[in-house]
Amino acid sequence: MWAHNAMLQPIIRHQQSRGMATLKAISIRLKSVKNIQKITQSMKMVSAAKYARAERELRQAKPYGEGSTVFYEKIKPEEKQESTPSGQKLLVAVTSDRGLCGAVHTTVARQIRNELNEAGDNVKVICIGDKSRAILQRLYGKNIVLVCNEVGRKPPTFLDAARIAEQISQYEFSSGKIVYNRFKSVVSYVTSELPLYHKDTVSTSPNITAYDSLDDSVVQSYLEFSLASMLFYTLKEGACSEQSSRMTAMDNASKNAGEMIDKLTLTFNRTRQAVITRELIEIISGASAL
Amino acid sequence: MASFIRSIVSPKLLSTMKNSKSLNKVINRNYADQMSFTFVSANQTFYTNQSVKQVDVPSLNGSFGILPNHVPILAVLKPGVITVHEDDGSLKKVLVSSGTVTVNDDSSVQILAEEAHSLDKFDLQAANEALREAEQKFNSATGETEKAEAQIAVEAGQAIVAAISSP
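Given below as structure tokens:
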């Protein structure tokens, strides 16, 4: 029976590709492509509105991010792998839950994957947004220690960043990185990273002695707050690049759907014409045979 | 009569003029260097790399003022009022909830606040009500974290009320 089936299969396929598809099949496809185009068009409109908001908010958050990194640039901490007993490295992937936005999430995940391939087991990964988890889980599931859901539906707030920072600070790490997409323009973004430092790394860095009246609790709270503000900034950058990228992706999808609709309409009309012609021929030849 | 008036007025005028002159000199000498001041909160941006005369900030280790060429310092903000003395002499008071202050060796100052609002946006009555509510919550709080959270709310409320009621 199976052998019979296997023989039958190619014949059917052959038939389908040879003859013109039936009118019905074409019109169904045409309709579905039109619906898809409607969806992608409205998604583009939605993300354009969201992008405008995200861009406005990002402009606000930009000095915030710059302000929080100045200190680290000034003190120039030296990373020493042996300085802390754990020697753990922490990678934070800033993505979101929502797809259909080009390669935004993939580039972040790829950067982290490269990092993981080099560094091996001593790396913990924190996924902000389901998408990075979905990409990294299969190969590096054991490295993922924390996943944050419900990112990307609404614009990120400082409270979100503070919550994530609170969770992150529970993990011991000697050094780390936040990997995120930095927004450049509507059509481009760069995957970049911000360094994270352990308290000991900061307090042993060469230029720290310039700073007055440092006690442990101040440094500790300072680092905690600066982690939150850096996360806030990167979340904003990520959200903005995601929306802009979704806008371009949906624009392209609508354009491609338009092309498909044109082609399908042409085939549909041709097939219809062919059907009419065939029927005419049948009628005429039938009449002439009498 | 005229000479009498002159004898009363002129020394006073002279002395005030002298004073203001000397004050100007002092100001010129002290504020010769520029401060690059950045003050942002999550909800709005107040200053970005602007030059100001002086900034007074409330920190967990006590309030302090920052002039140009302040010694580099790190501090954590506590709820209170940041007073910015702008270059033209005007004062700007902003209420902050929490955040960090960084003074770097190149005289650049970064204040990152979690939330900040200009003081004139607050309503005394609403602030008093919020403070009462926070105090109630503090009194009825049972758990350790709950109590700490309520205490922070009370501190913030007290700071707000104190800031509004003082001119």
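Those sequence lines, one after another, are chains B and V.
Per my numbering, the first sequence runs over residues 44 to 333.
Per my numbering, the second sequence runs over residues 1193 to 1359.
No residue lacks a Cβ here, since even glycine has one placed at the ideal position from N, Cα and C.
### Query
Name the DSSP beta bridge partners of residue 218 of chain B, please?
Indexing the first sequence from 1 puts residue 218 of chain B at position 175. DSSP, once it has assigned bridges, lists B:132 and B:240 as partnering residue 218 of chain B.
### Task
Could you work out which residue in B:89, B:301 and B:175 is closest to residue 193 of chain B when comparing CA atoms only?
Translated into positions along the first sequence, residue 193 of chain B becomes position 150. Among B:89, B:301 and B:175, the Cα nearest to that of residue 193 of chain B is on B:175.
### Query
From this set, V:1242, V:1273 and V:1241, which residue's C-alpha is nearest residue 1256 of chain V's C-alpha?
The residue you call residue 1256 of chain V lines up with position 64 of the second sequence. Cα-wise, what sits closest to residue 1256 of chain V is V:1273.
### Task
Below 7 Å between beta carbons is the criterion; list the residues of the stretch 101 to 114 of chain B that meet it against any residue of chain V, in chain order.
103, 106, 107, 110, 111, 113 and 114
### Cβ-Cβ distance between residue 248 of chain B and residue 82 of chain B below 8 Å
Walking along the first sequence from the start, residue 248 of chain B turns up at place 205. Walking along the first sequence from the start, residue 82 of chain B turns up at place 39. Cβ atoms of residue 248 of chain B and residue 82 of chain B: not closer than 8 Å.
### Query
Where does residue 1229 of chain V fall in DSSP's three states?
Stepping through the second sequence from its first residue, residue 1229 of chain V is reached at position 37. The answer is strand: DSSP assigns residue 1229 of chain V an E or B state.
### In chain order, each alpha helix (DSSP H) run of at least 4 residues that lies wholly inside the stretch 227 to 306 of chain B
242 to 246
### Task
Determine the direct distance from the alpha carbon of residue 279 of chain B to that of residue 100 of chain B, and round the result to whole angstroms.
In the first sequence, the residue the question calls residue 100 of chain B occupies position 57. In the first sequence, the residue the question calls residue 279 of chain B occupies position 236. So the two alpha carbons sit approximately 7 Å from each other.
### Straight-line gap, residue 1346 of chain V to residue 148 of chain B (C-alpha atoms, nearest Å)
As a position in the second sequence, residue 1346 of chain V is number 154, starting the count at 1. As a position in the first sequence, residue 148 of chain B is number 105, starting the count at 1. So the two alpha carbons sit approximately 42 Å from each other.
### Query
Looking at the structure shown, is residue 81 of chain B part of a helix, part of a strand, or coil, going by DSSP?
By 1-based counting over the first sequence, the position of residue 81 of chain B is 38. Looking at residue 81 of chain B - three-state DSSP - the assignment turns out to be helix.
#### Entry: Close Cβ partners of residue 1285 of chain V (< 7 Å) along its chain, the five nearest in sequence each way excluded
One-based indexing of the second sequence puts residue 1285 of chain V at position 93. The residues are 1273, 1275 and 1311.
### Query
Could you give the distance in angstroms between the alpha-carbon of residue 1291 of chain V and the alpha-carbon of residue 1239 of chain V?
Position 99 of the second sequence, counted from the start, is the residue given in the question as residue 1291 of chain V. Position 47 of the second sequence, counted from the start, is the residue given in the question as residue 1239 of chain V. Going from the Cα of residue 1291 of chain V to the Cα of residue 1239 of chain V covers about 15 Å.
### Message
Nearest by alpha-carbon distance to residue 1358 of chain V: which of V:1316, V:1243 and V:1306 is it?
### Response
In the second sequence, counting from the first residue as 1, residue 1358 of chain V sits at position 166. It is V:1316 whose Cα lies nearest to the Cα of residue 1358 of chain V.
### Task
Count the CB pairs spanning the stretch 197 to 210 of chain B and the stretch 304 to 312 of chain B that are closer than 8 Å, and state whether there are at least three.
no
### Task
Give me the Cα-Cα distance between residue 237 of chain B and residue 220 of chain B, rounded to the nearest whole angstrom.
One-based indexing of the first sequence puts residue 237 of chain B at position 194. One-based indexing of the first sequence puts residue 220 of chain B at position 177. Roughly 6 Å separates the two Cα atoms.
### Message
8 Å is my cut-off, CB to CB: does residue 94 of chain B come that close to chain V?
### Response
Indexing the first sequence from 1 puts residue 94 of chain B at position 51. No, residue 94 of chain B lies away from the interface with chain V (no Cβ there is under 8 Å from its Cβ).
### Task
In the DSSP assignment, find the unbroken alpha helix (DSSP H) run with residue 1277 of chain V in it and report its ends.
Working through the second sequence from its first residue, we reach residue 1277 of chain V at position 85. No alpha helix (DSSP H) holds residue 1277 of chain V; the beta strand (DSSP E) holding it covers 1272 to 1278.
#### Entry: Range of the contiguous beta strand (DSSP E) that encloses residue 1305 of chain V
Indexing the second sequence from 1 puts residue 1305 of chain V at position 113. Start and end: 1300 to 1305.
#### Entry: Span separating the alpha-carbon of residue 1381 of chain V from that of residue 1248 of chain V
The question about residue 1381 of chain V has no answer, for chain V in this structure spans 1193 to 1359.
### Query
Listing by chain order, which chain V residues have their CB less than 9 Å from the CB of residue 139 of chain B?
For the purposes of this step, residue 139 of chain B is identified with residue 96 of the first sequence, where counting begins at 1. By Cβ distance, chain V contributes nothing, its closest Cβ being about 19 Å from residue 139 of chain B, past 9 Å.
### residue 259 of chain B, buried or exposed, once every other Cβ within 10 Å from all chains shown has been counted against 16
Your numbering for residue 259 of chain B matches position 216 in the first sequence. Flag for residue 259 of chain B reads exposed.
### Query
How big is the Cα-Cα spacing for residue 89 of chain B and residue 223 of chain B?
One-based indexing of the first sequence puts residue 89 of chain B at position 46. One-based indexing of the first sequence puts residue 223 of chain B at position 180. So the two alpha carbons sit approximately 23 Å from each other.
### Query
DSSP three-state call for residue 1224 of chain V: helix, strand or coil?
Within the second sequence, residue 1224 of chain V is the residue found at index 32, counting from 1. Note that residue 1224 of chain V has pLDDT 46, beneath the 50 cutoff, so the model's placement of it is unreliable and no number is given.
### Task
Report, in whole angstroms, the separation of the C-beta atoms of residue 1300 of chain V and residue 1243 of chain V, which I expect to be a contact under 8 Å.
Residue numbering aside, residue 1300 of chain V sits at position 108 when the second sequence is read from its first letter. Residue numbering aside, residue 1243 of chain V sits at position 51 when the second sequence is read from its first letter. Their Cβ separation, rounded to whole angstroms, is 11 Å, which puts residue 1300 of chain V and residue 1243 of chain V out of contact at 8 Å.
### Query
By the 10 Å Cβ neighbour count, where 16 or more other Cβ atoms means buried, how is residue 102 of chain B classified, buried or exposed?
Here residue 102 of chain B refers to the residue found at position 59 when the first sequence is read from its first residue. Classification for residue 102 of chain B: exposed.
### Task
Say whether chain B places a C-beta atom closer than 8 Å to the C-beta of residue 1358 of chain V.
The residue you call residue 1358 of chain V lines up with position 166 of the second sequence. Not one chain B Cβ lies under 8 Å of residue 1358 of chain V.
### Query
Could you check where the alpha helix (DSSP H) with residue 1160 of chain V kicks off and where it finishes?
Because chain V here runs from 1193 to 1359, residue 1160 of chain V falls outside it and cannot be looked at.
### Message
Applying the 10 Å Cβ sphere with the 16-neighbour rule, what's the burial state of residue 1245 of chain V?
### Response
On the second sequence, position 53 is the one that residue 1245 of chain V refers to. It counts as buried.
### Query
Of the residues that make up the stretch 198 to 211 of chain B, which ones have a beta carbon closer than 7 Å to any beta carbon in chain V?
201
### Task
Please check if any C-beta of chain B sits within less than 8 Å of the C-beta of residue 1250 of chain V.
In the second sequence, counting from the first residue as 1, residue 1250 of chain V sits at position 58. With 8 Å as the cut-off, residue 1250 of chain V does not count as an interface residue toward chain B.
### Message
Against chain B, with Cβ distances strictly below 8 Å, would residue 1306 of chain V count as a contact?
### Response
The sequence position of residue 1306 of chain V within the second sequence is 114, counting from 1. With 8 Å as the cut-off, residue 1306 of chain V counts as an interface residue toward chain B.
### Query
Out of curiosity, what's the CA-to-CA distance linking residue 139 of chain B and residue 301 of chain B?
Counted from its first residue, the first sequence places residue 139 of chain B at position 96. Counted from its first residue, the first sequence places residue 301 of chain B at position 258. Rounded to whole angstroms, residue 139 of chain B to residue 301 of chain B spans 29 Å at the Cα level.
### Task
Compare the beta carbon distance of residue 179 of chain B and residue 162 of chain B with 8 Å and say whether it is the shorter of the two.
In the first sequence, counting from the first residue as 1, residue 179 of chain B sits at position 136. In the first sequence, counting from the first residue as 1, residue 162 of chain B sits at position 119. No, the pair does not count as a contact, with Cβ atoms beyond the cut-off.
#### Entry: Reduced DSSP secondary structure (H/G/I, E/B, other) of residue 141 of chain B
Stepping through the first sequence from its first residue, residue 141 of chain B is reached at position 98. Correct three-state label for residue 141 of chain B: coil.
### Task
Determine the chain B residues that contact residue 1232 of chain V at a beta-carbon separation under 7 Å, and present them in chain order.
What you label residue 1232 of chain V is simply residue 40 of the second sequence in a count that begins at 1. 106, 107 and 110, listed in chain order.
### Query
Would the beta-carbon of residue 1267 of chain V fall within 8 Å of that of residue 261 of chain B?
Within the second sequence, the letter at position 75 stands for residue 1267 of chain V. Within the first sequence, the letter at position 218 stands for residue 261 of chain B. Contact flag set, yes.
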